[in-house]
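Down below is the structure, laid out as structure tokens.
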Amino acid sequence: MAFPTHNWNIFQCDVGQGDGLVYKTTHHHAIVIDAGPDPELIDRCLKRLRINVIDLLILTHSHADHVNGLPGILRGRRVQSVWANFDPGISHQQVFQGNTYVSPHVKISVLWPQQNNFSGPQLSGDGSTENNKSITVLMRSPSVNPSQEVTLLATGDIEPLAQSEIGKYFSSKTTIIKVPHHGSRFQDFSWLAKVKPDIALISVGAGNSYGQPSLTTITALTQLHTKVFRTDSDGAIEVGWSYDSAHLKIRIRREGHAWWKVRWV
195 MAFPTHNWNI
205 FQCDVGQGDG
215 LVYKTTHHHA
225 IVIDAGPDPE
235 LIDRCLKRLR
245 INVIDLLILT
255 HSHADHVNGL
265 PGILRGRRVQ
275 SVWANFDPGI
285 SHQQVFQGNT
295 YVSPHVKISV
305 LWPQQNNFSG
315 PQLSGDGSTE
325 NNKSITVLMR
335 SPSVNPSQEV
345 TLLATGDIEP
355 LAQSEIGKYF
365 SSKTTIIKVP
375 HHGSRFQDFS
385 WLAKVKPDIA
395 LISVGAGNSY
405 GQPSLTTITA
415 LTQLHTKVFR
425 TDSDGAIEVG
435 WSYDSAHLKI
445 RIRREGHAWW
455 KVRWV
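For the sequence shown, the working numbering assigns the number 195 to the initial residue and increments by one for each residue that follows.
Right under this line is the structure:
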């Protein structure tokens, strides 16, 4: 079977040690979260998906593994809006908790950062203050039945204290999580247990020097009965969903692999 198929909704690009996630809105249009470290890799992914228009580009923070691929996104594509809390060299809007983006295809709510702590003290973890400034969003697919709504929690590189702060006002169960900071060991596992994702996507480079993803993090997710997919071993990852009568059907396909399963909700 061709990969990607025509029925994808979310696509985790394989950009090596970095992040690049694509959420399809309509034919040839998408929302993109982060650009990865290499313009060629993200450009190749978007070409495979036949994306010509970026409705919204979210650059979660300024680290190279999330933004250095930006020229590849801009190559021959129209970018209509950009969210970034640093200067990426193109027109952009700063966003904070409470900002939203609404279209017929998706609703996006910004969960983090809060404006009043954006310039606050450094929060602990294995990175810098910049990790904990990552724009974190909840994306909701439209559904007539709210119980069949597909939610994606995209977390950038936030570390435990930022996760804990988010948990004070958001701890709802989610369908899919883009695991924070490439699955590093620095996680607030109590918060992960509350959001209890069905599917976890980890964007990480094979043989990286950081020891990511952490076995501790993988084990914690597995104990939540979360199905974990990772680009270092699975390659690019396609998630699709559809509705059949009163049921939601979710499908996952990995590059070079058969469908993982069909999940009815």
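We put the beta carbon where it would ideally sit given N, CA and C, even for glycine. Remember, predicted model here, so these are calculated numbers, not experimental data.
Collapsing the DSSP output to three states places F280 in coil.
Within 10 angstroms of the beta-carbon of P231 lie 16 or more other beta-carbons, which makes it buried.
Contact between I370 and W306 is ruled out by a C-beta separation of about 17 Å, above the 8 Å threshold. Q206: member of the beta strand (DSSP E) spanning 204-206, first to last residue.
Of the other Cβ atoms in all chains shown, 16 or more fall within 10 Å of the Cβ of Q381; this residue is therefore buried. The bridge partners DSSP lists for D438 are H441. For the pair G405 and D208, the CB atoms are not nearer than the 8 Å cut-off. Here L418 carries a coil assignment [DSSP, helix/strand/coil]. Shown here for N203: same chain residues with a beta carbon closer than 8 Å to its own, the five before and five after excluded, namely Y217, K218, S335, V344, V433, G434, W435 in chain order. Between F423 and L395, the gap from beta carbon to beta carbon is short of 8 Å. DSSP places H375 within a helical segment (H, G or I) once states are collapsed to three. Put simply, of G401, S256, Q308 the residue whose alpha carbon is nearest the alpha carbon of G283 is S256. The three-state reading of DSSP puts V389 in helix, counting H, G and I together. Assignment of S384 by DSSP, reduced to helix, strand and coil, places it in the helix class. Going by beta carbons, A224 and I267 fall outside the 8 Å limit. Minimum Cα-Cα distance from H376 among the listed residues V276, N201, G212 corresponds to G212.
In this structure, L386 lies near L418, with their beta-carbon atoms less than 8 Å apart. With contacts defined as CB atoms closer than 8 Å, Q274 and V296 fail to qualify as a contacting pair. Cα atoms of S408 and N326: separation of roughly 19 Å, rounded to the nearest angstrom. For the stretch 225-292, the full-length beta strand (DSSP E) segments reaching 3 residues or more read 247-253, 276-278 along the chain. Within the same chain, and ignoring the five residues on either side of S285 in sequence, the residues whose Cβ sits closer than 7 Å to its Cβ are V276. Contact between S397 and T425 holds, with the beta-carbon distance rounding to 5 Å and staying under 8 Å. Only residues of its own chain outside the window of five on either side were considered, and among them V226, V273, V276 have a CB closer than 6 Å to the CB of L251, listed in chain order.
Straight through space, the alpha carbons of A278 and Q288 are spaced by roughly 5 Å.
Shortest Cα-Cα distance from P374 to any of K362, V331, S366, Q342 involves V331.
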